[in-house]
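What follows is a set of notes on a single structure, which appears directly below.
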Amino acid sequence: MNQMVQSNQMRKVSIEPQDYGSHYFLPHHAVVKESSTTTRVRPVFNASARNAAGHSLNENLLTGPNLLPQLVLVLAHWRCYPIAFVADVSKMYLQVRLHPEDWKLQSILWREDPRESIEHYVLTTVTFGCGPSAYLASRTLRKLAEDDGNKFPLAPPIVHHEMYMDDVLSGAFDLNTSEKRRHLCSLFSAGGFSLAKWMTNDPELLSSFDPSDRATEATLKVGLGFSVLGLVWEPQADRFYFNVSMTPLTGAITKRKVLSRIAGLFDPSGWISPSLIPLKIFMQSLWLLTKEWDVALPDAETAQWRAYEDDLQGLPSISIPRWSGVTKSARLELHGFADASKLAYAAVLYVRILHGGGARVTLLASKTKVAPLKSLSIPRLELCAALLLVKLTASFLATADFNQAPVHLWSDSKTALHWIHGLPSRWPVFVANRCSEIVTLLPQASWHYVNTKHNPADVASRGCPVSVLREDRLWWNGPETLSSTTVPWPNNCDDFSQIVPTETEETKSNVLVQSSDAPSDCELILRYSSYRRLCKILVHCLRFVTKLAQRCERPLTVQFQAAASVEVSVEELEQAEHHLCRMTQNALLSVEIKCISAKSALPKSHPLAKLCPIIRNGLLCVGGRLRNAQINEDRKHPIILPATSHLVGLLIDDMHEKLFHGGTQLIAAHLRQRYWIPRLKIVLRARLLRCVICLRYGAETAFQRMADLPGVRVTPCRPFKNAGLDYAGPFLLKGSRYRGSYSYKGYFAIFVCMATKAVHLEAVSAYDTAAFLAAFRRFASRRGPCRHLYSDRGTNFVGADSELRRMHSEGSGYYKSICAQLRDVHRTVWHFNPPSSPHFGGLWESGVKSVKYHLKRMVGDRSFTFEEFSTLLAQIEAILNSRPLTPLPDSFEPQNVLTPAHPLIGESSVVIPEQPLTEAKLSPSERWLQIQQITQVFWQRWCEEYLSTLQKRNKWLSSAKNFAVDDVVLVRDEILPCARWPLARVSAVHPGSDGLSVSVPSVPSVSGLRIKSIIIVKPPRAPEKGVSHSSARQAQAHVTLTSMPPRASALRLVPARHDPDTSELARPMSLEEAPEEEYCVSEPAVIYTPTPRTVLAERARDIAARQRALLRPPDEIEDIFAAGQPISDAAYKAWRADPFLRRPLP
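Using this note's numbering, you'd call the opening residue of the sequence shown number 23 and step up by one each time.
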């Protein structure tokens, strides 16, 4: 710890108790490593320890990608060098400095003496134990190689391909090793790293090392030696040994101990896999015993484990040559072998080196896997072994050492070879998938057959003791045929097409199925769609047949008692209902009736078997268990009717109409009093969807995903160059400040800047065109001309637009003198939202809400003059323009808050007064530059801070299917009742800028087509499950509808039918509940059609009645609405004098 402080890897800091929340303290402890030759005692920091809140540092850090190469490939590359050396990056993690802002996340508590007080320290370097430490250290070394690699060209390949963590494994083919070492040391020194623990197999190179830099033999499990990537390397003999010491387990042998000992056997290249595969098979067998982790194993398994321990004692005696025999001029070939047994399958890879007229075969690597518990045939396991071999070979082919080597793969299974050389689509799915992957991964491989006796993979798949493996030449050097010949192995593959596999190809058989016609319903019942009409018609038919039989004196099987009167009687209708049930049962349940009549039981799998059906009055009825119930016979034994019959549908429709369009539960309760219909609720829900009246009352509205914001909302421009407009009110204003003055209704107009959300309020004395034009002139005079103006379709706005256009066309002198710029340069283009679409103007609707919030609290019941009301609006305007545009952090300075007032006056409208700058004297040019700077800073902050807050969609997230031409929709009229809503058909679709249509459809009105918003438009298709219809489409798109409804005011479109899977939909969200950022305006112009006079007359009468109601006490409101009589002067004076009667009315 003192060394870390002295080397500036740990710094002492002072942390106040109130700042503990922003620091993370790492627990640490000492670890003693006896095999270390440099630092045997070292601190270990635990970044995975959880704090009091249950969080740890590692779970909040990104670990980064894995930059380490495969360990087996690093060893294989190192074995290609005749002259090899190793080195170690001294304290690699501690040489990588962290950013100072991250030091507080590596805080620790430490004191050198227990008698001293605890002090605070921070770790300034990458710490072993943190998740991203490995990536940070490796990435730092690679960045060093990229930056300074051109100065030392021999060093970068070592950093990228010959290092595993802080271990360097490199070498050379000649005596130029010292130059390579010099480049490597210089590169690492440039980055502040140092290399230590040098060791080589070349005595001349070893003599050039400084004695202090040489590696010393460490005390390993097998004695003294040099540890290299978990293996023991003897440089003088240039051979590998295994650092394994199998001391016998003490105490009870449990599954936990066995697994821990097996996991400690490190063999990255699979050189001793034949001796380790029995241990894997043994571990799999322990799983089948279903023993707990700490329960002693049975005696048989314990004895077997003791035998494995005795056998593995000989592992340290196995040695492998480090150098594989590769030279610069040698020609390389890769030969792989695959084999499988009932318990395991294996793959072995060799390199065949042709050089100097001789051939040498060296074991590179092997892979073994235990066979799955699910039983597989031997040919399929052989195919799995072939796939394992292909994956192993492909990893070696990806390296620069073997990418040019020819590939020869061998298997002793002719069935597997036949599968590999065949078309994968011919085989079963299991075989086809693996054959396809084999051909895809290694298409250039040449496959050969090898006898099992000469297959080295057979040794790994079956396993062998260590004593046998040590002397097995087949395993270490491959088949003798590879080393006995000195010519390259031919690439031609053997012909396996004539081999008959044990599993033949998958054959597709054609099966002929004879289908019989299902029983059809009665033809008479299928002709009619009304149950009452069907019953009456059947009564007349039965009357005719009965009279005809009486005249011909022929008996009838159908018994019918005709009434004497001409009118149809109740008894005849009941008989007709009985015969309708009989006809339906004879057509659809004839087999069941014959079975019950013969007094034989229905099969147990039959859906009617649980009902114990009986024959009652010639009909198939429910036998059931209610024989002793005190109810009538019809309810004890209801008539059975099949759910697919047409009669059931007619009964449901008739009962639905009788019960005034009741729901599923109500109709089912009434039907089951007389009839038993299987799956009744399912049939009911499907049938009720066809009811047009229920459709009109239960129709849901359309929706579409929220569109992108229009360009005027996200483009910097002069304030109020593009503005939104709305009216609000009325408010009661006084003619003067004196008593007895008259009162009148006043309003205010709100102008909202589309870019900065700045607000401009104007008091308006009347709700007409002239008053608005006056307010608009005041607005344009103070804020400048408005290029684009957006509003709803108020009558005063439409009239003002016509007036402005007339001024443009006629060249009014007033317009020339005052609004020359508005006419010639900045001509105002007026955009109207579709009728009944307030969500298109959410920006100014939200402004109206904010203004009313302050007005209600400041005005109350008082009345103001026009001048006082204007002053009040100006103060509210200043307050609204001082609202922040972006969310405020916890600590902020008021003068730095971005508000809509900044582009208007350069600062917030409502600020704390400051001391005047009397001493600062600025020249006019400097003041002008300062104003320019304020403007530029605002738009820069507007783009950086505010614009990004408009990115998120808070609702209307999913896209719905667009409207299509000829879609039938239901037109919703807010004035008409639901039962009188007309149908319409889509005649044209106009997609929006984002490709999603049906935002603003055109619906028919008295004078033609009228464009409407689709927040209330729905095509006759069911919505997707889980999609809420509480949102509406806000894109710029149109749909044109044909067909004339009876009225054209406030039309809405809803679906023409429901889907049975549609769930209950959420209620629509009101404008006040939604944030204003979710609204945008529609760009296209809108066709406007006046409301019919009849509708206006109805509205006028309603408004007059409501105004008269306000002059009377609450208990007389209903009388006024009912009678429509004018209020008398005496009653009005009494109302004015009584404060109780003048209380606010809803």
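Note that beta-carbon positions come from the ideal geometry of N, C-alpha and C, so glycine has one too.
Leaving aside the five residues before and after residue i along the sequence, list all residues of the same chain whose C-beta is less than 6 Å from its C-beta, in chain order.
i: leucine 463; result: Val412, Ala416
i: tryptophan 432; result: Phe359, His470, Val472
i: methionine 902; result: The question names methionine, yet the displayed sequence has leucine at residue 902. The answer, listed in chain order, is Val781, Ser872.
i: methionine 32; result: Met26, Tyr143, Leu145
i: tyrosine 709; result: Note that residue 709 is arginine in the sequence shown, not tyrosine. Closer than 6 Å at the Cβ level, and outside the excluded window around arginine 709, lie Gly671, Ile674.
i: serine 458; result: Pro446
Would you identify the three-state DSSP class for residue i, choosing helix, strand or coil?
i: serine 667; result: coil
i: cysteine 1210; result: The structure shown does not extend to residue 1210, since the chain is modelled only from 23 through 1168, so no value can be given for it.
i: alanine 1171; result: Outside the modelled stretch of the chain, which goes from 23 to 1168, sits residue 1171, for which no answer is possible.
i: glutamate 355; result: strand
i: glycine 43; result: helix
i: arginine 994; result: strand
i: arginine 735; result: helix
i: valine 714; result: helix
i: cysteine 841; result: Confidence at cysteine 841 is low in this model, with a pLDDT of 37, below 50, so its placement is unreliable and the value that follows should be read with caution. Residue state, collapsed to three classes: coil.
i: methionine 187; result: coil
i: alanine 745; result: strand
i: isoleucine 375; result: strand
i: tryptophan 4; result: Since the displayed the chain opens at 23 and closes at 1168, residue 4 lies outside it and no answer follows.
i: isoleucine 113; result: Residue 113 is actually lysine in this sequence, not isoleucine. It is coil, neither helix nor strand.
i: glycine 757; result: coil
i: tyrosine 764; result: coil
i: aspartate 434; result: coil
If you count every other CB in all the chains shown that lies within 10 Å of the CB of residue i, and 16 or more means buried, which is it?
i: isoleucine 340; result: buried
i: glycine 378; result: exposed
i: lysine 277; result: buried
i: glutamine 28; result: exposed
i: valine 451; result: exposed
i: threonine 288; result: The residue you asked about is not threonine; residue 288 is phenylalanine in the sequence shown. Per the 10 Å Cβ criterion, exposed.
i: isoleucine 637; result: exposed
i: asparagine 654; result: exposed
i: asparagine 265; result: buried
i: phenylalanine 798; result: buried
i: proline 510; result: exposed
i: leucine 395; result: exposed
i: aspartate 169; result: exposed
i: glutamate 1174; result: The question about residue 1174 has no answer, for the chain in this structure spans 23 to 1168.
i: arginine 493; result: Here residue 493 is glutamate; the residue named in the question, arginine, does not match the sequence. The residue in question, glutamate 493, is exposed, as its Cβ has fewer than 16 Cβ neighbours within 10 Å.
i: threonine 507; result: exposed
When you measure from the CB of residue i to every non-hydrogen atom of the ligand PLP, does any distance come out below 8 Å?
i: tyrosine 812; result: No copy of the ligand PLP appears in this structure; indeed no ligand is present at all.
Using a Cβ-Cβ cut-off of 7 Å (strictly less than) and excluding sequence neighbours within five positions of residue i, which residues of its own chain qualify?
i: valine 63; result: Ala52, Val54
i: glycine 347; result: Ile375, Arg382, Thr384
i: lysine 703; result: Thr686, Ala690
i: proline 338; result: Val244, Tyr263, Phe264, Val266
i: cysteine 544; result: Met605, Thr606, Ala609
Apart from the five residues just before and just after residue i, which ones in its own chain have a Cβ nearer than 8 Å to its Cβ?
i: alanine 427; result: Leu354, Glu355, Leu356, Val373, Leu419
i: leucine 755; result: Ser765, Tyr766, Lys767, Gly768, Ser787, Ser885, Phe886, Thr887, Phe888, Phe891
i: lysine 34; result: Val27, Glu141, His142, Tyr143
| field | Those runs of the beta strand (DSSP E) which lie wholly inside the stretch 445-478 and span at least 3 residues | value | Complete beta strand (DSSP E) runs here, min 3: 468-471.
| task | Return the chain-ordered ranges of every alpha helix (DSSP H) run that is complete within the stretch 620-678 and spans a minimum of 4 residues. | result | Complete alpha helix (DSSP H) runs here, min 4: 655-658.
| message | Report the start-end ranges of each beta strand (DSSP E) in the stretch 140-172 that is 3 residues or longer and not cut off at the edges. | response | If we require 3 residues or more, the beta strand (DSSP E) runs fully inside the stretch 140-172 come out as 141-145.
| task | May I have a chain-ordered list of the beta strand (DSSP E) segments no shorter than 3 residues that lie completely inside the stretch 244-311? | result | For the beta strand (DSSP E) assignment, the uninterrupted runs of no fewer than 3 residues enclosed by the stretch 244-311 are, from N- to C-terminal side, 245-250, 253-256, 261-264.
| Is the number of C-beta pairs between the stretch 174-194 and the stretch 204-222 that are closer than 8 Å three or more? | By the Cβ rule, the stretch 174-194 counts as touching the stretch 204-222, because three or more pairs are nearer than 8 Å.
| task | Evaluate contact between the stretch 651-668 and the stretch 601-614, counting only Cβ atoms and requiring at least three cross-stretch pairs below 8 Å. | result | Enough Cβ pairs lie closer than 8 Å, so yes.
| message | I'd like to know if the stretch 85-104 and the stretch 283-301 are in contact, where contact means that at least 3 CB-CB pairs between them fall below 8 Å. | response | Contact between the stretch 85-104 and the stretch 283-301 is present, because at least three Cβ pairs lie under 8 Å.
| said: Pairs of beta-carbons, one from the stretch 315-331 and one from the stretch 218-236, closer than 8 Å: are there three or more? | reply: Under the 8 Å Cβ criterion, the stretch 315-331 does not count as touching the stretch 218-236, having fewer than three qualifying pairs.
| message | Taking contact to mean 3 or more Cβ pairs, one atom from each stretch, closer than 8 Å, check whether the stretch 77-90 and the stretch 152-166 are in contact. | response | Result yes; three or more Cβ-Cβ pairs closer than 8 Å.
| request: Flag this pair as touching only if the stretch 588-595 and the stretch 549-562 have three or more C-beta atom pairs under 8 Å; answer yes or no. | output: The stretch 588-595 vs the stretch 549-562: in contact.
| task | Give a yes or no on contact between the stretch 191-203 and the stretch 111-125, applying the rule of three or more CB pairs nearer than 8 Å. | result | In short, these stretches do not touch, since the Cβ pair count stays below three.
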